[in-house]
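Visitor: First residue of the sequence shown? That's 9 in the numbering used here, and the numbers climb one at a time after it. Glycine included, C-beta positions come from ideal geometry on N, C-alpha and C. Before we start, here is the structure in question, set down as structure tokens.
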Amino acid sequence: MGAIRLMIVDDHAIVRQGLIKLIEMISDFRVVAEGSNGREAIDLVKTHRPDIVLMDLNMPDMDGIEACRRIKECDTGAKVIALTVCEEIDRITEALAAGAKGYILKNTDLESLARIIRGVYEGKAYIDPAVATGLIDRYTSFAQQAEVRDASPLSERETEVLSLVSKGKTNREIAEELFISEKTVKNHVTSILRKLDATDRTEACVVAMKRNII
Numbered sequence: 009m010g011a012i013r014l015m016i017v018d019d020h021a022i023v024r025q026g027l028i029k030l031i032e033m034i035s036d037f038r039v040v041a042e043g044s045n046g047r048e049a050i051d052l053v054k055t056h057r058p059d060i061v062l063m064d065l066n067m068p069d070m071d072g073i074e075a076c077r078r079i080k081e082c083d084t085g086a087k088v089i090a091l092t093v094c095e096e097i098d099r100i101t102e103a104l105a106a107g108a109k110g111y112i113l114k115n116t117d118l119e120s121l122a123r124i125i126r127g128v129y130e131g132k133a134y135i136d137p138a139v140a141t142g143l144i145d146r147y148t149s150f151a152q153q154a155e156v157r158d159a160s161p162l163s164e165r166e167t168e169v170l171s172l173v174s175k176g177k178t179n180r181e182i183a184e185e186l187f188i189s190e191k192t193v194k195n196h197v198t199s200i201l202r203k204l205d206a207t208d209r210t211e212a213c214v215v216a217m218k219r220n221i222i
């Protein structure tokens, strides 16, 4: 087997350089590219075609989750491992849904990191044990609410929009977060109000929460 080709993506240069130095200590690993944000990552994947992308989730311009989704669409075979300090279950599920094959914390030691990279390269998936329990609990909760959720009149995108509305986000903020236009957000909100028989955004959120839609 030849060297495993890696790309490091993190908006902190010190973190990137530190990772590169550590990884290059391992004989069968080769760092072929580095980037500072999600948009760079997409272009670099197309150019350098790494086997593994180690990528932070919280970055400016385009975060790691959206970048992960678009890297998957590039269909180069690159496998993304989310490397982060974040233990929030929502972020984990978003990363996995976007196509990440691994989720590890930045305090992972070099020996473990090398083992995880090799495993993902060989087709395995990995979730840091520190967050696995919370993830299992979340999916158990999802399973218990599945029947109610299946009965939701809202589409998946409408549910995403309403969830952001419930957090006080404006149409512009929702558009930026979901990478859609404000007009599209407005259309979704109109559809949500109609489907939930609500007169305004607040009532729609209340109805959705009572019905366990969000």
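According to DSSP, Lys87 sits in a beta bridge with which residue or residues?
Guide: On the sequence shown, position 79 is the one that residue 87 refers to. Lys87 is bridged to Ile60.
Visitor: Please classify Lys54 as buried or exposed, where buried requires at least 16 other C-beta atoms within 10 Å of its C-beta.
Guide: In the sequence shown, the residue the question calls residue 54 occupies position 46. Exposed: under 16 other Cβ atoms inside 10 Å.
Visitor: Are there 16 or more other CB atoms within 10 angstroms of the CB of Arg6, so buried, or fewer, so exposed?
Guide: As shown, the chain starts at 9 and ends at 222. That puts residue 6 outside it, with no answer to give.
Visitor: Give the single residue among Glu102, Glu164 and Gly127 whose Cα lies nearest to the Cα of Leu143.
Guide: For the purposes of this step, residue 143 is taken as the residue at position 135 of the sequence shown. It is Glu102 whose Cα lies nearest to the Cα of Leu143.
Visitor: With DSSP run on the structure shown, which of helix, strand or coil describes Ile221?
Guide: Counting from one through the sequence shown, the residue named residue 221 turns up at place 213. DSSP, reduced to helix, strand and coil, places Ile221 outside both helices and strands of the structure shown, so it counts as coil.
Visitor: Would you please state the rounded distance, in angstroms, between the beta carbons of Lys203 and Pro137? I believe it to be under 8 Å.
Guide: The residue labelled residue 203 in the question sits at position 195 within the sequence shown. The residue labelled residue 137 in the question sits at position 129 within the sequence shown. Going by Cβ atoms, the distance from Lys203 to Pro137 rounds to 41 Å, so no, they are not a contact pair.
Visitor: Looking only at its own chain, which residues have a Cβ that is under 8 Å from the Cβ of Leu14, when we skip the five neighbours before and after it?
Guide: Position 6 of the sequence shown, counted from the first residue, corresponds to residue 14. Scanning its chain for C-beta atoms nearer than 8 Å, with the 5 sequence neighbours on each side dropped, one finds around Leu14 the residues Ile31, Phe37, Arg38, Val39, Val40, Pro58, Asp59, Ile60, Val61, Leu62 and Ile125, in chain order.
Visitor: Could you give the distance in angstroms between the alpha-carbon of Lys177 and the alpha-carbon of Ile16?
Guide: Here residue 177 corresponds to residue number 169 of the sequence shown, with the count starting at 1. Here residue 16 corresponds to residue number 8 of the sequence shown, with the count starting at 1. Cα to Cα, Lys177 sits roughly 32 Å from Ile16.
Visitor: Considering only DSSP beta bridges, list what Met15 is partnered with.
Guide: Position 7 of the sequence shown holds residue 15. Answer is Ala41 and Val61, bridged to Met15.
Visitor: Using the Cα positions of Met217 and Ala105, report the straight-line distance between them to the nearest angstrom.
Guide: Residue 217 sits at position 209 when you count from the first residue of the sequence shown. Residue 105 sits at position 97 when you count from the first residue of the sequence shown. About 23 Å.
Visitor: What do you get for Leu118, buried or exposed, if any count of 16 or more other CB atoms within 10 angstroms of its CB means buried?
Guide: Reading the sequence shown from its first residue, position 110 is the one you call residue 118. By the neighbour-count rule (16 or more Cβ atoms within 10 Å), Leu118 is not buried but exposed.
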